[in-house]
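**Q**
There are 2 protein chains.
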Amino acid sequence: MSSEGRRAPTGHATLQPRVSDALARATLEELAVTGYARLTVEGVARRARVGKAAVYRRWPSKQQMTMAALSQLVVPIADVPDSGSLREDVRASLRALHDWLVDPVYGAVVPDLTSAAAHDAGLAEALWREVGQPRRELASAVLARAVRRGELPGDLDVEMALDVIAGPLYWRLAVRRVPVDDSYLDDLSAWLLRALGASEV
Amino acid sequence: MSSEGRRAPTGHATLQPRVSDALARATLEELAVTGYARLTVEGVARRARVGKAAVYRRWPSKQQMTMAALSQLVVPIADVPDSGSLREDVRASLRALHDWLVDPVYGAVVPDLTSAAAHDAGLAEALWREVGQPRRELASAVLARAVRRGELPGDLDVEMALDVIAGPLYWRLAVRRVPVDDSYLDDLSAWLLRALGASEV
Numbered sequence: 001m002s003s004e005g006r007r008a009p010t011g012h013a014t015l016q017p018r019v020s021d022a023l024a025r026a027t028l029e030e031l032a033v034t035g036y037a038r039l040t041v042e043g044v045a046r047r048a049r050v051g052k053a054a055v056y057r058r059w060p061s062k063q064q065m066t067m068a069a070l071s072q073l074v075v076p077i078a079d080v081p082d083s084g085s086l087r088e089d090v091r092a093s094l095r096a097l098h099d100w101l102v103d104p105v106y107g108a109v110v111p112d113l114t115s116a117a118a119h120d121a122g123l124a125e126a127l128w129r130e131v132g133q134p135r136r137e138l139a140s141a142v143l144a145r146a147v148r149r150g151e152l153p154g155d156l157d158v159e160m161a162l163d164v165i166a167g168p169l170y171w172r173l174a175v176r177r178v179p180v181d182d183s184y185l186d187d188l189s190a191w192l193l194r195a196l197g198a199s200e201v
Numbered sequence: 202m203s204s205e206g207r208r209a210p211t212g213h214a215t216l217q218p219r220v221s222d223a224l225a226r227a228t229l230e231e232l233a234v235t236g237y238a239r240l241t242v243e244g245v246a247r248r249a250r251v252g253k254a255a256v257y258r259r260w261p262s263k264q265q266m267t268m269a270a271l272s273q274l275v276v277p278i279a280d281v282p283d284s285g286s287l288r289e290d291v292r293a294s295l296r297a298l299h300d301w302l303v304d305p306v307y308g309a310v311v312p313d314l315t316s317a318a319a320h321d322a323g324l325a326e327a328l329w330r331e332v333g334q335p336r337r338e339l340a341s342a343v344l345a346r347a348v349r350r351g352e353l354p355g356d357l358d359v360e361m362a363l364d365v366i367a368g369p370l371y372w373r374l375a376v377r378r379v380p381v382d383d384s385y386l387d388d389l390s391a392w393l394l395r396a397l398g399a400s401e402v
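Read top to bottom, the protein sequences are chains A and B. At position 166 of the first sequence (counting the first as 1) the number is 166 in our numbering, and the numbers step up by one without a gap. At position 1 of the second sequence (counting the first as 1) the number is 202 in our numbering, and the numbers step up by one without a gap.
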């Protein structure tokens, strides 16, 4: 139990980053076990060994607590460093997506939130704004670099390209739940470059 | 309330197909509302206006009841008639997948079962055996026809081809929940044919 969790704040509370980090991790771990429908602020606070006040001082609801955890821990995964080559960037993006979806925590959290969002328009909107859109902007940067290098057509349909890159691996790992090996990721990269109309495949 | 639902069977019961059909539809409608975790035999029987015995005479558990409904109503959707052209067959497959995923009932049921299966290995195994595998065999037939016509390479990686065809639309409609129009399906067909290495694109 941290001191921050026990004491009520006097005046402007200083939010300890260490506690915020612990809460973000605890939120995702708790989500993986209980699912969003049964997620509670109490359960997350207990897992993070802080009081409920430590949560409520940061976020007024479980939805905002969840979005904060996702935007801190999930969005940066989509940031792929510039390798100078579309082929390498796509391969690294697939690897990052793979590692995310087979992770024991995320592998349960992502399908659960997808399902919860189908019944909860507010959650769906928040997921898109806080997670989907920022991840998509990072992934778009990979394509924009390739267009600038002349590896992809200037009139590339970026929306479709992002669906085509992410979809097959999501279907395989999160829906069918069939594992893949490195050679699958290599071959899939080549197939996706052809789909995108990459100049040098 | 049907007579079959009220009376206990004497000796070998005759299972009325009309009641079985009503139960299959009621199972999916109830699933769309409650989700798999809260699905009950009672709820399905009530929705179908039969007694619980009508369910239990057919299936001993909610898992088997669910699989029966899916294999009756979901598997046939993947059966695309032979148009004589890979492009037309892929386009028809995408249309069928689209209509399935945007359906108000299936659009909720599919992500929910995917999420439930992440926590329930028995459900995951049954879903694959009763739904995934039969659907995949129907979809494979589309590719086998194209290989025979010389439109696809003889050494096509069929597993990857099926992931690449289904994944983008699932990602778009069931995960991102962004609608698509006919021209998206046309363009996606062309991208997928390139990915598959189709001879005449």
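Even glycine gets a Cβ: it sits at the ideal position worked out from N, Cα and C.
Mind listing which residues of the segment 323-356 of chain B have their C-beta closer than 8 Å to chain A's C-betas, in chain order?
**A** Of all residues in the segment 323-356 of chain B, 325, 329, 333 have a Cβ within less than 8 Å of some Cβ in chain A.
**Q** Exposed or buried, what is residue 151 of chain A when buried is set at 16 or more other beta-carbons lying within 10 Å of its beta-carbon?
**A** Buried: at least 16 other Cβ atoms inside 10 Å.
**Q** Listing by chain order, which chain A residues have their CB less than 9 Å from the CB of residue 390 of chain B?
**A** Result: empty, since nearest Cβ-Cβ is about 11 Å, beyond 9 Å.
**Q** Could you compute how far the alpha carbon of residue 282 of chain B sits from the alpha carbon of residue 320 of chain B?
**A** Going from the Cα of residue 282 of chain B to the Cα of residue 320 of chain B covers about 36 Å.
**Q** Going straight from the alpha carbon of residue 212 of chain B to that of residue 258 of chain B, what length do you get?
**A** For residue 212 of chain B, the pLDDT reaches just 47, beneath the cut-off of 50, and the residue's location in the model is therefore unreliable, leaving the point undetermined.
**Q** How is the alpha helix (DSSP H) around residue 305 of chain B delimited, first residue to last?
**A** Premise fails: residue 305 of chain B is in no alpha helix (DSSP H) and is neither H nor E.
**Q** Within 10 angstroms of its Cβ, does residue 60 of chain A collect 16 or more other Cβ (buried), or is it exposed?
**A** So residue 60 of chain A ends up on the exposed side.
**Q** Would you check if the distance between the CB atom of residue 367 of chain B and the CB atom of residue 312 of chain B is smaller than 8 Å?
**A** Result no, Cβ atoms of residue 367 of chain B and residue 312 of chain B do not sit closer than 8 Å.
**Q** Of all Cβ atoms in chain B, is any one closer than 8 Å to the Cβ of residue 105 of chain A?
**A** No, its Cβ sits nowhere closer than 8 Å to a Cβ of chain B.
**Q** Which residues bound the alpha helix (DSSP H) around residue 134 of chain A?
**A** 133-148 is the extent of the alpha helix (DSSP H) around residue 134 of chain A.
**Q** Let me make sure I understand the geometry here. Which of A:69, A:49, A:154, A:14 has the alpha-carbon closest to that of residue 32 of chain A?
**A** Checked all of A:69, A:49, A:154, A:14; the closest Cα to residue 32 of chain A is A:69.
**Q** Sort B:343, B:276, B:307, B:355 by Cα distance to residue 329 of chain B and report the nearest one.
**A** Of the listed residues, the one whose Cα sits closest to residue 329 of chain B is B:276.
**Q** Taking the C-alpha atoms as reference points, what is the distance between residue 396 of chain B and residue 193 of chain A?
**A** The alpha-carbon atoms of residue 396 of chain B and residue 193 of chain A are separated by roughly 8 Å.
**Q** Nearest CA to the CA of residue 250 of chain B: which residue from B:237, B:274, B:224, B:263?
**A** Among B:237, B:274, B:224, B:263, the Cα nearest to that of residue 250 of chain B is on B:224.
**Q** Over what stretch of residues does the alpha helix (DSSP H) that includes residue 369 of chain B continue unbroken?
**A** Residue 369 of chain B -> alpha helix (DSSP H) spans 359-371.
**Q** By Cβ distance, which residues of its chain are closer than 8 Å to residue 183 of chain A, with the 5 residues on each side in sequence left out?
**A** Excluding sequence neighbours, residue 183 of chain A sits near nothing in its chain.
**Q** Closer than 8 Å, CB to CB, is residue 55 of chain A near chain B or not?
**A** For residue 55 of chain A, the answer is no, since every Cβ of chain B falls outside 8 Å of its Cβ.
**Q** Around the Cβ of residue 89 of chain A, are there at least 16 other Cβ atoms within 10 angstroms (buried) or fewer (exposed)?
**A** Result: buried.
**Q** Classify residue 27 of chain A as buried or exposed, calling it buried when 16 or more other Cβ atoms lie within 10 Å of its own Cβ.
**A** Classification for residue 27 of chain A: buried.
**Q** Under a three-way DSSP split, which group does residue 260 of chain B fall into?
**A** Three-state DSSP puts residue 260 of chain B in coil, outside helix and strand.
**Q** Under 8 Å between C-beta atoms, does residue 175 of chain A make it to chain B?
**A** Yes, residue 175 of chain A lies at the interface with chain B (some Cβ there is under 8 Å from its Cβ).
**Q** Which residue's Cα is closest to the Cα of residue 239 of chain B: B:287, B:310, B:369, B:217?
**A** The candidate whose alpha carbon is nearest that of residue 239 of chain B is B:310.
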